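Chemist:
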Amino acid sequence: MKPFDGPSGWMWLILLALGLLFFGLLALDFVERRKTRRLLDETDCRLCLNCRYVLRELPDEGVCPECGEEYELKHLRAEWRDAYRVP
Ligand SMILES: [Zn+2]
């Protein structure tokens, strides 16, 4: 059975498309995680858990000015470290 010939040709195309989509999403996820990790390093984990707003200039406890989520630095650090394995 030749690929791209008859009904099975579509299956190859669909498999190929799904494969590309899968690796595309993996690559996007990788880039996104790397960006967030760098941001976490730069801000010492002072990022809003909800919207990732940089809380660097703000007190250790308070409300995110961007989305209104309450935060506490200790809690932020624990959550980010857990999610991204920041040392
Ligand atoms: Zn926020």
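The sequence shown lines up with residues 115 to 201 when you count with our numbering.
Every residue gets a Cβ at the ideal spot worked out from N, C-alpha and C, and that includes glycine.
What you are looking at is a predicted structure, and each value in this text was computed from that prediction instead of being measured.
So, helix, strand or coil for residue 186, using DSSP?
Modeler: Note: residue 186 maps to strand in three-state DSSP.
Chemist: In the structure shown, what three-state DSSP assignment does residue 154 receive?
Modeler: Reduced to three states, the DSSP call for residue 154 is helix.
Chemist: Name the DSSP bridge partner or partners of residue 168?
Modeler: For residue 168, which the question treats as bridged, DSSP gives the partners 161.
Chemist: Out of curiosity, what's the CA-to-CA distance linking residue 140 and residue 196?
Modeler: Using only the alpha carbons, I get a separation of about 20 Å.
Chemist: Would you check whether ligand 2 has a heavy atom nearer than 6 Å to the C-beta of residue 180?
Modeler: Of the ligands one can find in the structure shown, namely ligand 1, none is ligand 2.
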